[in-house]
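Trainee: Residue numbers (full-length UniProt numbering), protein chains in the order written: chain X, 1 to 212; chain V, 1 to 212; chain C, 1 to 212. Mind looking over this structure? Questions follow.
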Amino acid sequence: MALVFDLLGVFFFALSGSLLAARRGFDIVGSLLLGSLTGLGGGVVRDIVLGVTPTAFDDPVYLLPPLAAVVVVYFLHGPVRRFRRPILVFDAAGLGLFCTTGAVTALEHGMNPVAAALLGLTTGVGGGLLRDVVANRDPQLFDPGDLYALPAMLGAALITAFWAVGWRGVWLEAAVAALVFALRILSLRFHWHAPHAARTSHPARTEPAPPR
Amino acid sequence: MALVFDLLGVFFFALSGSLLAARRGFDIVGSLLLGSLTGLGGGVVRDIVLGVTPTAFDDPVYLLPPLAAVVVVYFLHGPVRRFRRPILVFDAAGLGLFCTTGAVTALEHGMNPVAAALLGLTTGVGGGLLRDVVANRDPQLFDPGDLYALPAMLGAALITAFWAVGWRGVWLEAAVAALVFALRILSLRFHWHAPHAARTSHPARTEPAPPR
Amino acid sequence: MALVFDLLGVFFFALSGSLLAARRGFDIVGSLLLGSLTGLGGGVVRDIVLGVTPTAFDDPVYLLPPLAAVVVVYFLHGPVRRFRRPILVFDAAGLGLFCTTGAVTALEHGMNPVAAALLGLTTGVGGGLLRDVVANRDPQLFDPGDLYALPAMLGAALITAFWAVGWRGVWLEAAVAALVFALRILSLRFHWHAPHAARTSHPARTEPAPPR
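Here it is as structure tokens:
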């Protein structure tokens, strides 16, 4: 059951990578590589920090969701493109699932609470960050228009805190994932956003990327 | 003998990194760093996933090819620039060598066949991907105009399949590397290419990188 | 005492990451993530290559400097922006500290001298490189207008050479860090720079980034 949720999370993230590949005019191989990186990258980084063989390399079943995402984007790009909202909803679901499972995995490997929360965050946002870095664009993660990392941070911190007082189990994880999901969706709906990096900064003074 | 081939592969890849540094106006230190990353990056990522000390750090002889590439590009940039075709040929040779040696290394470390094929691909295309990511440009790997990852995938998969039925050895590896090399060269010559990420996508509808 | 210096280095580097986040209009979460990546990324990569749990994940105190940098940039962005020179001085201090502590850490883990020097360089320049890669801009490291990697290379090589002849200790490290710092500052002051990647290259012939 946990595996099914995990694979669904990989699929939703991979979908966002394959869609980006389609928008940028990459070929189907780029779609597969970018989708895999988005869906599996966060967990691979977490496992490398933990010093264990990355799950994505250990168990081939994790490669099926990116393959499915490639097929869906190839045949249904038009319809999928129009459904921007469902994609954001799926991505929010992946975020909620990954930040909780990532924190739990880290705790199970004996990491301290702060590191476990960090690795939960890494698992949740790492894939999307790698997607944007490889696709050569500004990370969506840093977009000041809504909340993305903050719900994931909160979720990973909650999991860690509950673990410290002995509350564990799949239902608790599901509840925290649902909370992260809800906060992400609400931030999109109501344009919640975090303060800018600098209090005094305003658009006219921010500096564009240097001319290239 | 295997080491000589390996070092040649590193040299060809490093050459492409140092040439890019020259084209972008970086200094000789950038040439060394970008060349090293291109020549050694794929193998380092593979070894980190395998959980072993990266070969490039374990054996200093691996730093000689990037140094040689820096010297060649510094003194012969003009001539080298004009020989775009030889560079592509050398790069194809590196691709063929690395995807096979990468898969074999993974199999020798007891990875499952799918993971071994994946790590062969990673070894083959990882360095070039890191080069483009660090040099801040769209990955050549995703260029829909020819085949790059696909021959490497095929080569790594063949090595893994042959290994499963007990066929191993340096001649087999050389044959697979030659096949990957040939497919890459033929794809350049005849403009073979993979389908786009989306069936319905056509140039006018692909989205450029957002203004920055 | 070594820890205090280390944390100061993290703080100076994190400051440059958070300032970049402010200039690019990212939010306060982006400021924290980019600052952490800059301050801690080089050491994390070094520890992953060494095969040990990254210090930044092992000891939560390493997260305080990035937090402090976020606060400083949030409240004092205007003044901080005007003090471009102090920032460069702080960054040079971080560079000197990190390339020496990085090389020492690698030697203590039994790496060969060449690998230790490489890992010292990685620790010194890795965080800034990750900052620029994630923020989607050309790496400052490759800027041909001054010296950045070269002093760090020299410092890491000196540490390794001294270690080989049995000279160790915090005062020696401090002296080497001071030398790296001085060379970096002098290169800024007198516009020292390394040769271009290609001898025959001149500005009119360098190729801009491709249009996107």
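Note that CB positions come from ideal geometry on N, CA and C, so glycine has one too. What you are looking at is a predicted structure, and each value in this text was computed from that prediction instead of being measured.
1) Hey, is His202/X's beta-carbon within less than 9 Å of any beta-carbon in chain V?
2) Can you find a C-beta in chain V that's less than 9 Å from the C-beta of Val52/X?
3) Under three-state DSSP, which class holds Asp91/V?
4) Please state whether the Cβ-Cβ distance between Pro66/V and Leu20/V is less than 9 Å.
5) Starting from Leu129/C, follow the alpha helix (DSSP H) in both directions and report where the run begins and ends.
6) Between the region 69–78 of chain V and the region 193–202 of chain X, do at least 3 Cβ pairs fall closer than 8 Å?
7) Name the chain X residues whose beta carbon is nearer than 8 Å to that of Ile87/C?
8) Take the Cβ of Val10/V as the centre, count every other Cβ of all protein chains shown within 10 Å, and call the residue buried at 16 or more, exposed below.
9) Would you tell me roughly how many angstroms separate the C-alpha atoms of Ile159/V and Ser36/V, rounded to the nearest one?
10) Can you list, in chain order, the residues of its chain with a C-beta nearer than 6 Å to that of Pro54/X? Leave out the 5 residues immediately preceding and following it.
11) Does any C-beta atom of chain X lie closer than 9 Å to the C-beta of Pro195/V?
12) Quick one: is Phe142/X near chain C, going by C-beta distance under 9 Å?
13) How many angstroms separate the CA atom of Gly110/V from the CA atom of Phe5/X?
14) Please identify the residue among Gly78/C, Gly39/C, Ala152/C and Leu76/C whose C-alpha is closest to the C-alpha of Leu63/C.
15) Might you give, ordered along the chain, the residues of its own chain that have their beta carbon closer than 8 Å to the beta carbon of Gly145/V, omitting 5 neighbours on each side?
16) On a Cα-Cα basis, can you pick out the residue from Ala116/V, Ala115/V and Ala149/V that is closest to Gly128/V?
17) Need the endpoints of the alpha helix (DSSP H) that Ala174/X sits in, please.
18) Can you tell me which of Arg85/C, Phe75/C, Leu154/C and Gly42/C puts its alpha carbon nearest to the alpha carbon of Val29/V?
19) Quick check: Gly42/V and Gly102/V, are their CB atoms within less than 9 Å of each other?
20) Grouping DSSP H, G and I as helix and E and B as strand, with all else coil, what is His77/X?
21) Where does Asp27/V sit, in a helix, a strand or coil, going by DSSP?
22) How about Gly96/C and Pro151/C: are their beta carbons less than 9 Å apart?
23) Looking at C-alpha atoms only, which residue of Ala182/X, Phe26/X and Asp58/X is the closest neighbour of Asn112/V?
24) Among residues of its own chain, excluding the 5 on either side of Leu8/C, which ones have a beta-carbon nearer than 8 Å to its beta-carbon?
25) Val61/C: buried (16+ other C-beta within 10 angstroms of its C-beta) or exposed?
26) Do Ala156/C and Ala116/C have their beta-carbon atoms positioned less than 9 Å apart in this structure?
27) If you drop the 5 nearest sequence neighbours on each side, which residues of the same chain put their C-beta closer than 6 Å to that of Val52/V?
28) Strictly below 7 Å CB to CB, what residues from chain V border Pro139/C?
29) Tell me, which residues are paired with His196/X by DSSP?
30) Can you tell me which of the three DSSP states Tyr148/C falls into?
31) Going along the chain, which residues of its own chain have a beta-carbon closer than 7 Å to the beta-carbon of Arg189/X, five neighbours each way excluded?
32) Considering only residues of the same chain and omitting the five flanking positions on each side of Leu88/X, which have a CB-CB separation below 7 Å?
33) Of all the CB atoms in chain C, is at least one closer than 9 Å to the CB of Arg184/V?
34) Could you tell me the boundaries of the alpha helix (DSSP H) in which Asp58/C lies?
35) Alpha carbon to alpha carbon, how far is Ala177/C from Ala174/V? Give it in angstroms, no decimals.
36) Does the Cβ-Cβ distance between Val133/C and Val133/V come in under 9 Å?
Mentor: Concretely, from the data shown:
1) Unreliable placement is indicated for His202/X, whose pLDDT of 47 sits below 50; the coordinate value is still reported in the next sentence. It does not: the Cβ of His202/X has no partner Cβ on chain V nearer than 9 Å.
2) yes
3) helix
4) no
5) Pro113 to Val134
6) no
7) Those do not exist, as Ile87/C stays about 14 Å from chain X at its closest Cβ, beyond 8 Å.
8) buried
9) 26 Å
10) Val44 and Asp47
11) yes
12) yes
13) 28 Å
14) Gly39/C
15) His191 and His193
16) Ala149/V
17) Val170 to Arg189
18) Leu154/C
19) yes
20) helix
21) strand
22) yes
23) Asp58/X
24) Pro65, Ala93, Gly94 and Leu97
25) exposed
26) yes
27) none
28) Val134
29) Asp27/C
30) coil
31) none
32) Leu188
33) no
34) Thr55 to Asp58
35) 47 Å
36) yes
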